[in-house]
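Q: If you count by this note's numbering, then the sequence shown holds residues 39 to 301, one letter each, in order.
Take this structure, written in structure tokens, and hold onto it; I'll ask about it next.
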Amino acid sequence: MVDFENILYEKADGVATITLNRPKALNALNTAVMTDVRAAMQDAEADESIRVVVLTGTGGKAFCAGADIPELQSKSPIEARNWSMWLQMITREMEAMQTPIIAKINGFCLGGGLEVAMACDFRIASDKSTFGQPEINLGVIPGAGGTQRLTRLVGKTKSLEINMLGQGALFDAAEAARLNLINCVVPVDELDAKVDEYIKKLKGLSAATVGIIKLAVNKGIEMDLDRALYYEAECFGTAASTEDFKEGTSAFLEKRKPDFKGK
Ligand code: DAK
Numbered sequence: 039m040v041d042f043e044n045i046l047y048e049k050a051d052g053v054a055t056i057t058l059n060r061p062k063a064l065n066a067l068n069t070a071v072m073t074d075v076r077a078a079m080q081d082a083e084a085d086e087s088i089r090v091v092v093l094t095g096t097g098g099k100a101f102c103a104g105a106d107i108p109e110l111q112s113k114s115p116i117e118a119r120n121w122s123m124w125l126q127m128i129t130r131e132m133e134a135m136q137t138p139i140i141a142k143i144n145g146f147c148l149g150g151g152l153e154v155a156m157a158c159d160f161r162i163a164s165d166k167s168t169f170g171q172p173e174i175n176l177g178v179i180p181g182a183g184g185t186q187r188l189t190r191l192v193g194k195t196k197s198l199e200i201n202m203l204g205q206g207a208l209f210d211a212a213e214a215a216r217l218n219l220i221n222c223v224v225p226v227d228e229l230d231a232k233v234d235e236y237i238k239k240l241k242g243l244s245a246a247t248v249g250i251i252k253l254a255v256n257k258g259i260e261m262d263l264d265r266a267l268y269y270e271a272e273c274f275g276t277a278a279s280t281e282d283f284k285e286g287t288s289a290f291l292e293k294r295k296p297d298f299k300g301k
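This is the structure:
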């Protein structure tokens with residue numbers, strides 16, 4: 039097990055849990071935190087026993103209140119651009135991982151925190167969560183995909199409102215669910231159980247095919263439809279060449295539960 043200074047990292051029963059651990063700063067993301075998050079993601083991806091990554095925040099008040107404002111303020115223009123590109127690279131790596139990532143959102147999910155959550159595959163939130171891109175109130179803009187992924191997820195009209203009005207357009211988890219920004223909202227004391235439900239479902243599937251679907255969606259969304267459909271056909275071919283495809287189809291025909299191996 040790897041030890042980190044700025045996150046808690048646990049692996050158990052096929053699940054790697056990464057917990058942002060700066061409760062005094064509402065888990066704000068600085069370089070040290072994101073360096074640890076990246077290393078933990080890489081460790082989880084390299085570990086074949088890990089079927090799901092859960093990303094969450096400690097302290098009960100925030101998933102993450104955004105980029106660390108003191109660090110943000112200290113950047114020169116070139117440093118800010120480079121920092122933005124580095125954070126974007128990490129979110130791209132998360133989207134390219136075969137392992138599914140669930141953001142377990144338990145409180146403020148703002149700015150860079152929402153940007154990182156949007157790079158996850160599932161977002162499950164408690165009803166005590168608040169969402170938004172308040173960067174504009176600091177005279178800056180989202181730098182880790184907030185103007186781009188949010189638009190892809192909720193559409194241009196709402197993305198412009200959320201990004202341009204900042205603090206004036208924060209919204210709750212029920213609204214986030216209505217906007218399709220999150221998968222579901224549950225009372226805070228049911229959050230763990232709901233995340234466990236998703237984990238259980240994912241663990242019952244082929245890890246190989248789950249990873250192929252993740253790439254088909256994440257890569258395909260950036261292509262025009264003809265290319266995307268061709269890419270889907272290629273992904274289909276890859277899925278059809280797995281042992282799990284043989285197992286899944288055989289299990290159906292033999293009227294039994296499949297025993298997927300992720301191969
Ligand atoms: N950074 C650092 N510290 C933060 C923080 C943040 N984002 N948010 C909160 N804190 C700290 C507070 O300063 C306070 O510290 P102390 O004063 O106790 O030392 C502590 O957390 C508790 O916060 P509050 O006392 O303010 O708690 P409240 O319940 O009253 O308010 C709040 C909670 C979440 C509404 C409020 O803290 C707040 O508005 N926070 C700032 C939210 C925000 O503006 N977030 C966006 C940050 S900018 C880029 C990449 C990404 C981005 C930009 C560029 N590139 C790489 C270039 C993204 C930018 C952002 O995310």
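Even glycine gets a Cβ: it sits at the ideal position worked out from N, Cα and C.
Kindly indicate which three-state DSSP category C158 falls into: helix, strand or coil?
A: Coil.
Q: Span of the beta strand (DSSP E) holding G170?
A: That run of the beta strand (DSSP E) goes T168 to G170.
Q: Quick one: complete alpha helix (DSSP H) runs, 4+ long, within the region 210–277?
A: Listed in chain order, they are 211–216, 229–241 and 245–258.
Q: Taking only three categories from DSSP, how would you classify V22?
A: Because the chain in this structure spans residues 39 to 301, residue 22 falls outside the shown range and cannot be described.
Q: Alpha carbon to alpha carbon, how far is K284 from L208? Give it in angstroms, no decimals.
A: Going by the C-alpha atoms only, they are around 48 Å apart.
Q: Could you tell me if N120 is buried or exposed, where buried requires 16 or more neighbouring beta carbons within 10 angstroms of its beta carbon?
A: It counts as exposed.
Q: Is it buried or exposed, V40, if we count other Cβ atoms within 10 angstroms and call 16 or more buried?
A: With fewer than 16 other Cβ atoms within 10 Å, it is exposed.
Q: Name the two residues that bound the continuous alpha helix (DSSP H) containing K284.
A: Element bounds for K284: E281 to L291.
Q: Under the three-state reduction of DSSP, which class applies to T69: helix, strand or coil?
A: Three-state DSSP puts T69 in a helix.
Q: Could you tell me which whole beta strand (DSSP E) segments of length 3 or greater appear in the region 101–129?
A: Correct list: empty.
Q: Between S122 and the rest of its own chain, which residues show a CB-CB distance below 6 Å, the 5 nearest in sequence each way excluded?
A: G181, listed in sequence order.
Q: Using three-state DSSP, classify I45 as helix, strand or coil.
A: I45: strand per DSSP, three-state reduction.
Q: Closer than 6 Å by C-beta to D81: which residues in its own chain qualify, once you throw out the five before and the five after it? Chain order, please.
A: Once the five neighbours on either side are set aside, the close Cβ partners of D81 are V40.
Q: Considering only C-alpha positions, which residue in the set F160, L253 and A246 is nearest to S279?
A: Comparing Cα-Cα distances from S279 to each of F160, L253 and A246, the minimum goes to A246.
Q: Closest by CA to E48, which one among A63, V75 and G145?
A: Looking at the Cα atoms, V75 is the closest of the given residues.
Q: In whole angstroms, give me the CA-to-CA distance for V255 and A134.
A: The alpha-carbon atoms of V255 and A134 are separated by roughly 10 Å.
Q: Which first and last residues belong to the beta strand (DSSP E) in which I200 is found?
A: Looking at the DSSP string, I200 is not in any beta strand (DSSP E); the run it does join, the alpha helix (DSSP H), is K194 to L203.
Q: How about I143 and S167: are their beta carbons less than 8 Å apart?
A: Their beta carbons are under 8 Å apart, which means I143 touches S167 by this criterion.
Q: Over what stretch of residues does the beta strand (DSSP E) that includes T57 continue unbroken?
A: First-last of the beta strand (DSSP E) with T57: V53 to L58.
Q: According to DSSP, is K62 helix, strand or coil?
A: In the structure shown, K62 sits in a helix (DSSP, three-state: H, G or I).
Q: Which same chain residues end up closer than 6 Å to V90 when comparing Cβ atoms and leaving out the 5 residues on each side of it in sequence?
A: For V90, where only same-chain residues beyond five positions count, the Cβ hits under 6 Å are V53, P138, I237 and L240.
Q: Just checking my contact of L217 with V192 at CB under 8 Å: how many whole Å lie between their CB atoms?
A: Yes, they are in contact, since the Cβ atoms of L217 and V192 sit about 4 Å apart, within 8 Å.
Q: State the DSSP-derived secondary structure class of T185, mapped to helix, strand or coil.
A: Of the three classes helix, strand and coil, the one that applies to T185 here is coil, per DSSP.
Q: Going along the chain, which residues of its own chain have a beta-carbon closer than 8 Å to the beta-carbon of A212, five neighbours each way excluded?
A: Correct list, in chain order: D165 and V223.
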